[in-house]
């Protein structure tokens, strides 16, 4: 069983937190070697996201499917409560991360970003490193070593947002 709570992140309250789930669609979860049962993983992630939404945490999904602007099928019950950032046909490799950065800096009340999703050393790592800048660029280099809050900055254009970044390893795949 996969479990996690915002209280375990414990830095700020719900509305000040953005929980970013990278590419959590059925295909990516099934293809991950880190997930033993994709059905159990999907159910646990759905329950976890529902709990976060009840705590007023901002849930952001980065879609893997091109142009899809709704959550993956197993998360559609969450409906309009989540923000979906699609991957667009004309996107460069950084396009989705740039749209995420734009969204985050416009949400001025955010203090903490929690990243999760997959694939651990590909899309998740790339999105995290493209979205958040730290003084030491190696702080976000090895996903397995990110177990403590890290100070960083999200930039979009001339706007900046100072944040604390953590990774929820319970839902990394």
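Numbering (this note's numbering), first residue to last: 408 to 580.
Built from N, CA and C at the ideal position, the CB exists for glycine as well.
- Query: Do the CB positions of residue 540 and residue 560 come within less than 8 Å of each other?
  - Reply: By one-based count along the chain shown, residue 540 stands at place 133. By one-based count along the chain shown, residue 560 stands at place 153. Against a cut-off of 8 Å, the Cβ pair of residue 560 and residue 540 comes out as a contact.
- Message: Taking the beta carbon of residue 432 as the centre, do at least 16 other beta carbons fall within 10 Å, making it buried, or is it exposed?
- Response: Translated into the one-based positions of the chain shown, residue 432 becomes position 25. So residue 432 ends up on the buried side.
- Item | Buried/exposed call for residue 408, threshold 16 Cβ in 10 Å | For the purposes of this step, residue 408 is taken as residue 1 along the chain shown, with counting starting at 1. With a pLDDT of 44 at residue 408, under the threshold of 50, the predicted position of this residue should be treated as unreliable, though the coordinate-derived value follows. Exposed, because fewer than 16 other Cβ atoms sit within 10 Å of the Cβ of residue 408.
- Residue(s) in a DSSP beta bridge with residue 562: Stepping through the chain shown from its first residue, residue 562 is reached at position 155. Beta-bridge pairing links residue 562 to 567.
- Item | the region 559 to 575 / the region 503 to 517 touching (three or more Cβ pairs under 8 Å) | Cβ pair count under 8 Å is three or more, so yes.
- Cα-Cα separation between residue 497 and residue 542, rounded to whole angstroms: Against the chain shown, residue 497 aligns to sequence position 90. Against the chain shown, residue 542 aligns to sequence position 135. Roughly 31 Å separates the two Cα atoms.
- Under the three-state reduction of DSSP, which class applies to residue 468: helix, strand or coil? Looking up residue 468 in the chain shown gives position 61. Strand.
- Query: What three-state label does DSSP hand residue 407 in the structure shown?
  - Reply: Only positions 408 to 580 of the chain appear in the structure, and residue 407 is not among them; the question remains open.
- Task: Compare the C-beta of residue 463 with all C-beta atoms of chain D and state if any pair is closer than 8 Å.
- Result: The structure shown contains no chain D; it holds only a single protein chain.
- Item | Spatial distance of residue 579 from residue 453 (CA atoms) | Counting from one through the chain shown, the residue named residue 579 turns up at place 172. Counting from one through the chain shown, the residue named residue 453 turns up at place 46. Rounded to whole angstroms, the separation of the alpha carbons of residue 453 and residue 579 is 14 Å.
- Message: Using only the alpha-carbon positions, how far apart do residue 467 and residue 421 sit?
- Response: Counting from one through the chain shown, the residue named residue 467 turns up at place 60. Counting from one through the chain shown, the residue named residue 421 turns up at place 14. Here the alpha carbon of residue 467 sits roughly 13 Å from the alpha carbon of residue 421.
- In whole angstroms, what is the alpha-carbon distance linking residue 478 and residue 419? Counted from its first residue, the chain shown places residue 478 at position 71. Counted from its first residue, the chain shown places residue 419 at position 12. The alpha-carbon separation between residue 478 and residue 419 amounts to approximately 26 Å.
- Message: Which residue marks the beginning of the beta strand (DSSP E) containing residue 494, and which one marks its end?
- Response: Here the question's residue 494 lines up with position 87 in the chain shown. Where residue 494 is concerned, the enclosing beta strand (DSSP E) stretches over 490 to 494.
- Could you tell me if residue 443 is buried or exposed, where buried requires 16 or more neighbouring beta carbons within 10 angstroms of its beta carbon? Position 36 of the chain shown, counted from the start, is the residue given in the question as residue 443. Counting Cβ neighbours within 10 Å, residue 443 comes out exposed, since fewer than 16 surround it.
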